[in-house]
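Chemist:
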Amino acid sequence: MMRHVPVLVIGALAVFLMPAAASAQPAAPGAEEPQVRVDAVAPPDVGRLWLVGGVAFATTRGDCQTCEEVEFPYRHSSGVVGNFGWHVNRRADLGGEIFWIPVDTPQGQIKVTHLDAVVQFRPWASHGFFLKTGAGMALIRNWVDVIGPSAENSKALSVVIGGGWEFRPTPRLGMQVLAAQHVSAIGDLATGDPTVPEVPDVVGNFWSLGVAIVIR
Amino acid sequence: MEFGAASVNIETERDGDRARLAGRPVRGCWSSPSSPVVRGGDAGCRERVLGSARDCGVDMAALSRAQCRIGAIVLALAGSSATAAGQSVQLSLQPLDPQPQRPAFTLAPGAAEAPVASVGDQPAPAWYTDGRACEGCPRRRVGRSLFQLTMVNVLYGLGNLARGQVTARVTPKTWWANMEQGWVWDLDDFTVNQFGHPYQGSNYFNTGRSNGLNFYESAALTAFGSSTWEYFGETNHASLNDFINTTLGGIALGEAFHRAAWLIRDTHATGSGRLWREIGATILDPLTGYNRFMSGDASAVTDKPPDMVPSALGAVTSLGVLWRGSDTNAFSATGQPFLEVDLLYGDLEAGRTRVPYDAMSTRLRFGGGGGISEARVRGRLLGQPLNDGRLQLSVLQSYGYEKNDAYATGSQSFEVAIGGAHDFSSQSKLRVVGWGGLTVLGAIDSLPLGVEEVPEEEPEDGGAGQGVSEGPRFYDYGPGANFGAVTQFTRGGRPIAQFNYEARHIYSLDGVRVNHFLQKTRFDLLVPLKGRLGIGAAAEYFSRKSYYQDPDRTVKGYSYPQVRAYLTWSQR
Chain R
8 MMRHVPVLVI
18 GALAVFLMPA
28 AASAQPAAPG
38 AEEPQVRVDA
48 VAPPDVGRLW
58 LVGGVAFATT
68 RGDCQTCEEV
78 EFPYRHSSGV
88 VGNFGWHVNR
98 RADLGGEIFW
108 IPVDTPQGQI
118 KVTHLDAVVQ
128 FRPWASHGFF
138 LKTGAGMALI
148 RNWVDVIGPS
158 AENSKALSVV
168 IGGGWEFRPT
178 PRLGMQVLAA
188 QHVSAIGDLA
198 TGDPTVPEVP
208 DVVGNFWSLG
218 VAIVIR
Chain Y
341 MEFGAASVNI
351 ETERDGDRAR
361 LAGRPVRGCW
371 SSPSSPVVRG
381 GDAGCRERVL
391 GSARDCGVDM
401 AALSRAQCRI
411 GAIVLALAGS
421 SATAAGQSVQ
431 LSLQPLDPQP
441 QRPAFTLAPG
451 AAEAPVASVG
461 DQPAPAWYTD
471 GRACEGCPRR
481 RVGRSLFQLT
491 MVNVLYGLGN
501 LARGQVTARV
511 TPKTWWANME
521 QGWVWDLDDF
531 TVNQFGHPYQ
541 GSNYFNTGRS
551 NGLNFYESAA
561 LTAFGSSTWE
571 YFGETNHASL
581 NDFINTTLGG
591 IALGEAFHRA
601 AWLIRDTHAT
611 GSGRLWREIG
621 ATILDPLTGY
631 NRFMSGDASA
641 VTDKPPDMVP
651 SALGAVTSLG
661 VLWRGSDTNA
671 FSATGQPFLE
681 VDLLYGDLEA
691 GRTRVPYDAM
701 STRLRFGGGG
711 GISEARVRGR
721 LLGQPLNDGR
731 LQLSVLQSYG
741 YEKNDAYATG
751 SQSFEVAIGG
761 AHDFSSQSKL
771 RVVGWGGLTV
781 LGAIDSLPLG
791 VEEVPEEEPE
801 DGGAGQGVSE
811 GPRFYDYGPG
821 ANFGAVTQFT
831 RGGRPIAQFN
841 YEARHIYSLD
851 GVRVNHFLQK
861 TRFDLLVPLK
871 GRLGIGAAAE
881 YFSRKSYYQD
891 PDRTVKGYSY
901 PQVRAYLTWS
911 QR
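Protein chains in written order, with our numbering: chain R, 8 to 223; chain Y, 341 to 912.
Below is the structure:
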């Protein structure tokens, strides 16, 4: 959380530089002109498809940020992770992710499904290391602490960050190990308990380690 | 499109030095009858046209005068008044290569990854063996970009530490505590979260861009920088809103700054003029500037990267006064001065493209109710003509920040836009564009029920350190949706009348339990005066409704009109 930005300096310069630069630039000769780069002429070594399917072991914790001091428990379970999308280039993939995890508790089963748009980046194309991030929506049935007698469904803002290593013995088929953190921000959690109708500022964190098959 | 066979020589003088750049596919004339242009552009103020400019269909003298003016503005801004004169470079203009960055060799299958000394029977060009995607592109250095990204975090951390912020006193214990806790919402100031963090994210993004990474790669790098900062850069728990604002806002601002900085650079120039341009660009995009100076690219004479040359460019600067009304008064007696700058980069209305931000619009407004009262970047990610080019479909990324004494809002959004134009005559044109999209995270000022005014902040006791907000926070965060439309009537390429409508919904996840619905309508009339100067008037209407989720389902509304009068200076 940065505290200081020289906004006025940047802004003032931008104001003066932008129109100046605008007039300093003759237009390029037409939008249709092909501008070929090395990346564009290089044949891809694999297809455009990007599919990932696997399992993950996850630790979950629901947290009420504005509640009184309460120890929210960590719970452990296993789930399913999948990606689908296409190559942007040899280092970047763009697509969607599904992460589904059920958690059994004494009060009932919690089910969480994260649906995210993600981008995956391999800094070194010749190595398997990758980073991943995305955002989307989480669908939640019950919560990490079930409050009240009945199941509740919630929708939440979802964010994911992660990384891992991909092994590809063949160009099209491989395997990856991955670590990720999913977060789902519910806001107010409506409960079935009339004495606690709503729990404010609820956020869930899901740390996961998994393995998956990769098809390209 | 054919390239003219004419050769044009321009001779300029600077400090008595003379240099000749001949035989380079650097600049030339293009014989498209509809839009003859000259590419490149040194700002030498005593250029003499030696060759046959007429063969190009270009008024070289006019071009030279325009460049002199622009050069003077940039140089004056950079604090130099002496460097505008005395440039001596003799250039021999050659026909422009229609595909200037295509390597003059054939790549063997699978040979794209590692730079090679030669491919097939032909030697690879030096820039390719140097690890560059084009002659003027930066060298690709992934490890260096990750290192510099870490150094950006270290510098921000040291800056916070120097200002006495307790949140900067990080240790491995605080790192572990942050990882144990996971993500939370934070309580920082609106401007810090909605403008400061995106700016910090733009630094991460441009560590990637300045080291040869493409847009999407740099986007992932931005997320990496943001998450590492949140976990390891501060003692505060990692903030979800910061992560989203830093990453998405950083991508939008980063690419905008990166491209704007490339507009300022003149990679064919030499001498002090070149230096000041590089310095000006460095102020906008510090990471790229730093890397260019360190690598020597800042003085190398090459073409610009083709992706950094827009297909069209325009700017509109408006200077005027606005009068804002309220629920009780039609308008306040005191006007508020404002300065608004719109940069139109590329052609958002046409073209099939998969190059992110090859077209974008940006707006920056000073005054009118705040220091920086509006900042907006809208960049095209995908463009696709439909219906034989009569319609244009675009996927856009948007960053928005607006703060004045009536409301404050900020957002990170993705939109789909569809639009088309109708020509009434060769001079008159009507353009209509509509869009709709999702707001990943929006922020809007808000007060709990029963609170009518934001209470005055208690003076800081110095416990947390300068600038550290400990709440409460009087604005809400949440996802939502947005949609809008713009209709513009132009004559001779200049807008005469324009109607805008924008609506945004924010579902509050953090803050007051409320659904916010904002609407903004604006109608502009513009009259050209002389040359690029014009005069305009605008009528606006703002409406805001907040649907509280209290037992009574309270609805609060607020609306006000606003009028503006302004002078415009248009450059297209």
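All C-beta atoms, glycine included, are put in the ideal place defined by N, C-alpha and C.
(1) I'd like the ranges of any beta strand (DSSP E) spanning at least 3 consecutive residues and lying wholly in the region 72 to 106 of chain R.
(2) CB-CB under 6 Å to Pro835(Y), same chain, minus the five flanking residues each way: which ones, in chain order?
(3) Reducing DSSP to helix, strand and coil, say where Ser751(Y) ends up.
(4) From this set, Gly89(R), Asp123(R) and Thr67(R), which residue's C-alpha is nearest Thr112(R)'s C-alpha?
(5) Considering just the uninterrupted stretch of the beta strand (DSSP E) at Trp775(Y), what are its terminal residues?
(6) At a CB distance below 8 Å, what residues from the region 96 to 129 of chain R approach chain Y? Give them in sequence order.
(7) Any beta carbon from chain R within less than 8 Å of Ala559(Y)'s own beta carbon?
(8) With a CB to CB cut of under 8 Å and the five nearest residues on each side skipped, what residues in its chain are close to Ile712(Y)?
(9) Roughly how many angstroms separate the alpha carbons of Met648(Y) and His762(Y), rounded to a whole number?
(10) Within the continuous alpha helix (DSSP H) that includes Met491(Y), where are the two ends?
(11) Out of Val482(Y), Arg884(Y) and Thr908(Y), which has the shortest C-alpha to C-alpha gap to Gly897(Y)?
(12) Check each candidate in Glu689(Y), Asn581(Y), Trp467(Y) and Pro812(Y) and name the one with the smallest Cα separation from Lys769(Y).
(13) The beta strand (DSSP E) that contains Met634(Y), what's its start and end?
(14) Near Gly832(Y), which residues of its chain fall below 7 Å by C-beta distance, leaving aside the five closest residues on each side in sequence?
(15) Which chain Y residues sit within Cβ distance under 7 Å of Ile168(R)?
(16) Going by the beta-carbon positions, is the gap between Ala124(R) and Arg98(R) smaller than 8 Å?
(17) Comparing C-alpha positions only, which one of Trp663(Y), Ser612(Y), Gln540(Y) and Asn727(Y) sits nearest to Ala878(Y)?
(18) Considering just the uninterrupted stretch of the alpha helix (DSSP H) at His537(Y), what are its terminal residues?
(19) On the premise that Gly61(R) lies in contact with Ala219(R), defined as a C-beta separation below 8 Å, what is that separation, rounded to the nearest angstrom?
(20) Can the beta-carbon of Arg872(Y) be found closer than 8 Å to that of Gly654(Y)?
(21) Using the Cα positions of Ala145(R) and Pro80(R), report the straight-line distance between them to the nearest angstrom.
(22) Please list, in chain order, the chain Y residues whose beta carbon lies closer than 7 Å to that of Trp131(R).
(23) Report the residues of the region 132 to 147 of chain R with a CB closer than 7 Å to any CB of chain C, ordered along the chain.
(24) Check whether the Cβ of Arg479(Y) lies closer than 7 Å to any heavy atom of the ligand GDP, and answer yes or no.
(25) Determine, using beta carbons only, whether Asp190(R) comes closer than 8 Å to chain Y.
(26) Leaving aside the five residues before and after Ser558(Y) along the sequence, list all residues of the same chain whose C-beta is less than 6 Å from its C-beta, in chain order.
(27) Tell me, which residues are paired with Tyr900(Y) by DSSP?
(28) May I have a chain-ordered list of the alpha helix (DSSP H) segments no shorter than 4 residues that lie completely inside the region 546 to 611 of chain Y?
(29) Using 8 Å as the threshold, is the C-beta distance between Ala142(R) and Val110(R) below it?
(30) Among Leu781(Y), Val794(Y), Phe823(Y) and Trp775(Y), which has the Cα closest to the Cα of Tyr817(Y)?
(31) Since I believe Pro696(Y) is in contact with Phe555(Y) (beta carbons under 8 Å), could you give me their beta-carbon distance rounded to a whole number of angstroms?
(32) Put Leu615(Y) into one of helix, strand or coil per three-state DSSP.
(33) Can you find a C-beta in chain Y that's less than 8 Å from the C-beta of Gln72(R)?
(34) List the residues of chain Y whose Cβ lies closer than 8 Å to the Cβ of Val210(R), in chain order.
(35) Have a look at the DSSP bridge pairing and note the partners of Trp663(Y).
(36) In chain R, which residues lie less than 7 Å from Pro819(Y) when you measure between Cβ atoms?
Modeler: Checking against the coordinates, here is how it stands:
(1) 82 to 94
(2) Within the same chain, Gln828 and Leu866 come within 6 Å of Pro835(Y) by CB-CB distance, once the 5 residues on both sides are set aside.
(3) strand
(4) It is Thr67(R).
(5) Its beta strand (DSSP E) spans residues Ser768 to Asp785.
(6) Listed by position, the residues of the region 96 to 129 of chain R near chain Y (Cβ gap below 8 Å) are Asn96, Arg97, Arg98, Ala99, Leu101, Val126, Gln127 and Phe128.
(7) yes
(8) Phe535, Leu704, Arg705, Phe706, Tyr741 and Lys743
(9) 30 Å
(10) Val482 to Ala502
(11) Arg884(Y)
(12) Glu689(Y)
(13) Note, Met634(Y): premise wrong, no beta strand (DSSP E); alpha helix (DSSP H) at Pro626 to Ser635.
(14) Gln767
(15) Ala563 and Ser567
(16) no
(17) For Ala878(Y), the nearest C-alpha among the options comes from Trp663(Y).
(18) His537 to Arg549
(19) 2 Å
(20) no
(21) 20 Å
(22) Val482
(23) Among the chains of the structure shown, chain C does not appear; the protein chains present are R and Y.
(24) The model on display carries no ligand, and the ligand GDP is accordingly not part of it.
(25) For the record, residue 190(R) in the displayed sequence is Val; it is not Asp. Interface residue, yes.
(26) Phe545, Gly548 and Arg549
(27) Phe882(Y)
(28) 555 to 572, 580 to 584 and 590 to 604
(29) Taking 8 Å as the Cβ cut-off, Ala142(R) and Val110(R) do not qualify as a contacting pair.
(30) Leu781(Y)
(31) 4 Å
(32) helix
(33) yes
(34) The contacting residues are Gly522, Trp523, Val524, Trp525 and Leu580.
(35) The partner list for Trp663(Y) (beta bridge, DSSP) reads Val903(Y).
(36) Leu164
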